[in-house]
Ligand code: NAD
Ligand code: WQD
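In the working numbering, the protein residues as written are 1 to 339.
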C-alpha cells in the first residue's frame, strides 16, 4: 500500500473523484467528511471502481481533537483539503457560516498538521478569487478581487497558507484554483448530485435531460460574447483529480508553495454547453433565455500554462466527454446515490 493521503471532503464531488485518481496512482486515500453535502454511499461506489473501499471517517475538519487522533494513529503523508462550503448565494446570506467552515476549518487543519509534523497540503481554491478579471485567459498573477464571502474565504486561506509557508519553509503547499468542474467518472458510478435545485449549469442541464426539470433558464442572452450567453472554462472532474495527484508528486520533490490554475484554457458559452450535451445524450434540452443572474461575470477562462510547466499536467478531456460522462452518471443515478 502506498502513502496515505488524508482527503478532507473526500465524499464530495471533486474529492470522491480524486480518491479514484489517488488510488490509481498508488496512494491510499483516507476520507474525512462530515457528510454536510454528500452521501456515505459514495464509499461503496468507490470500492467498485478502486477494488477496495477507502477508509472513511465521518467527522468535521474543525474538530481538532479528531484531527490530532487521526494524525497520531494513521501514517498520513499529506493532506488534500476539499472540505468546505461552495454556494456563492448562501455565502452572501450567511457569511459567518462560510468563514467558519472554510477559513476556521482550514486553520484548525493547518495547526493540527503543524503539530503532527505533516507538512504537505494541497488546497482547493477557486477561480472565483479573480472576481471579474480584466481579461482572459487569466494568469495566476492577475489581480485578486473576490466579489462575495465565498470568494473572500478562499482568498483568505490562500494568504494564510502563504504566510505559514513563509514562516515555516519546510511546508509543501499547492493552492489549486479550479475553474468550472463538471463531468463524472467514466464508469457512471460517481458524480455530482446537488441537493435541491442546482445552482450550476451542468447539473441543471442534466436534470432537464432526465426529465426532472422542464427547461433550463439561460441567465442572460445579451452579454458581449459570440452568442450573447456567459462563457466559462469547464474542466472535467477527472482531469482535476489527476491535477491533484500531479500536485502531490510535485510537492514531494521540494518544499515551497505553488499557486496554479486548473482549467482547460478554453471558454465555452452556455449555448455551446447545451448543444454539446444534446449531441452527447441524444436528448433535446429545452431552454429559455431570461435575465442575467446578479453577480455573474460575462466571460472568463483560465491560463493553465503554469500548471503544465510546473506539474506536467494538462486537461485531456474535452466538452463532449464532459457532457457524455455527466449524462452517463445522471441517467444511471437520477436521484444520486439513492438511485
Ligand atoms: P462538495 O460539496 O461536493 O464537497 C465538499 C465536501 O466537504 C462535502 O462532501 C461536504 O460534506 C464536506 N464538508 C464540508 N464542510 C466540511 C467540514 N467542516 N468538515 C468535513 N467535511 C466537510 O463540493 P466540491 O464541488 O467537491 O468542492 C470541493 C472543494 O473545491 C471545495 O472546497 C470547493 O470550494 C472547491 N471548489 C469547487 C468548485 C466547484 O465548482 N465545484 C470550484 C472551485 C473550487
Ligand atoms: C456557468 C454559466 C451562468 C445555471 C460557480 C461559482 C464559482 C465556482 C464554480 C466554486 C454562467 C450560466 C447557470 C443556470 C445558466 N465554484 N447558467 N443557467 O457561476 O461560473 O461559477 O461555480 O468555486 O465560484 O460562482 O458557474 O455553473 O453557476 O454558471 O444560464 O441555470 O452558466 O449564468 O454563465 P459559475 P455556473
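Note that CB positions come from ideal geometry on N, CA and C, so glycine has one too.
Please read these numbers as outputs of a predicted model, since none were measured by experiment.
- With a cut-off of 7 Å, the C-beta of residue 80 is classified as distant from the ligand NAD, since no heavy atom of the ligand falls inside that distance.
- When rounded, the separation of the alpha-carbon atoms in residue 133 and residue 157 is 20 Å.
- Residue environment analysis places residue 154 among the buried positions, since at least 16 neighbouring C-beta atoms fall within 10 angstroms of its C-beta.
- Rounded to the nearest whole angstrom, the CA to CA distance from residue 233 to residue 179 is 6 Å.
- Here the alpha carbon of residue 146 sits roughly 16 Å from the alpha carbon of residue 302.
- Contact annotation, residue 255 with residue 172: C-beta distance approximately 5 Å; criterion of less than 8 Å satisfied.
- Shown here, residue 288 sits in a strand according to DSSP, grouped into three states.
- Here residue 224 carries a coil assignment [DSSP, helix/strand/coil].
- Counting along the chain, residue 23 sits inside no beta strand (DSSP E); it lies in the alpha helix (DSSP H) bounded by residues 13–24.
- Residue range 180–182 is occupied by the beta strand (DSSP E) that includes residue 182.
- At least one heavy atom of the ligand WQD falls within 7 Å of the beta-carbon of residue 230.
- Contact between residue 281 and residue 209 holds, since their C-beta atoms are separated by about 5 Å, short of 8 Å.
- The continuous beta strand (DSSP E) containing residue 258 extends over residues 256–262.
- Exposed is the label assigned to residue 320, since fewer than 16 other Cβ atoms lie within 10 Å of its Cβ.
- Between the alpha carbons of residue 108 and residue 326 lies a distance of about 34 Å.
- Residue pairing by DSSP places residue 219 opposite 290 in a beta bridge.
- The closest heavy atom of the ligand WQD lies less than 7 Å from the beta carbon of residue 296.
- The beta carbon of residue 259 lies closer than 6 Å to those of 140, 175 in the same chain, with the five residues before and after it left out.
- In this structure, DSSP gives residue 168 a state outside helix and strand, which the three-state scheme calls coil.
- The stretch 41–119 contains, as complete alpha helix (DSSP H) runs of 4+ residues, the segments 42–50, 64–73, 88–93, 95–98, 105–116 (chain order).
- The beta carbon of residue 15 sits closer than 7 Å to at least one heavy atom of the ligand NAD.
- Less than 8 Å divides the Cβ of residue 28 from the Cβ of residue 4.
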